[in-house]
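Beneath this line is the structure, given in structure tokens, with notes to follow.
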Amino acid sequence: MSQLDFDFRREPWRNTEILLPLLDQVFILQARCEGCGAPAYFSQRDINGQPAHVNDPLVMVGAEELYTPKCGRCHQVRGK
Numbered sequence: 022m023s024q025l026d027f028d029f030r031r032e033p034w035r036n037t038e039i040l041l042p043l044l045d046q047v048f049i050l051q052a053r054c055e056g057c058g059a060p061a062y063f064s065q066r067d068i069n070g071q072p073a074h075v076n077d078p079l080v081m082v083g084a085e086e087l088y089t090p091k092c093g094r095c096h097q098v099r100g101k
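Sequential numbering from 22 applies to the sequence shown in this note's numbering.
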């Protein structure tokens, strides 16, 4: 199984809290922030070149260029 730990709002996915205790092993993979190169823990959703708004739908299926890896300093969510 693989999944993201956090949604674009930097909130934990509910499934993570449910499934994590059931796993025997956990491997955490990490990307590099596209803003500064630091370790990236979050996925930033961009719409028309702007960070998504906190009230945008949680699930939005789209091309990979809508999401970019970001560190805590570079990650942005409008309205938060």
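All C-beta atoms, glycine included, are put in the ideal place defined by N, C-alpha and C.
Note that the structure is predicted; figures quoted are calculated from it, not measured.
Would you please state the rounded distance, in angstroms, between the beta carbons of A61 and Q51? I believe it to be under 8 Å.
Against the sequence shown, residue 61 aligns to sequence position 40. Against the sequence shown, residue 51 aligns to sequence position 30. Between Q51 and A61 the Cβ distance is about 7 Å, and since that is below 8 Å, they are a contact.
Taking the beta carbon of R66 as the centre, do at least 16 other beta carbons fall within 10 Å, making it buried, or is it exposed?
In the sequence shown, the residue the question calls residue 66 occupies position 45. By the neighbour-count rule (16 or more Cβ atoms within 10 Å), R66 is buried.
For the alpha helix (DSSP H) containing I49, list its first residue and its last residue.
By one-based count along the sequence shown, residue 49 stands at place 28. Membership of I49 in any alpha helix (DSSP H) is not indicated, and neither H nor E is assigned to it by DSSP.
Tell me, please, which residues DSSP counts as bridged to A61.
One-based indexing of the sequence shown puts residue 61 at position 40. Per DSSP, A52.
Spatial neighbours of L87 within its chain, please: C-beta separation below 8 Å, excluding the five flanking residues on both sides.
Position 66 of the sequence shown, counted from the start, is the residue given in the question as residue 87. Cβ neighbours of L87 within its own chain (closer than 8 Å, five residues either side excluded): R66, D67, I68, M81.
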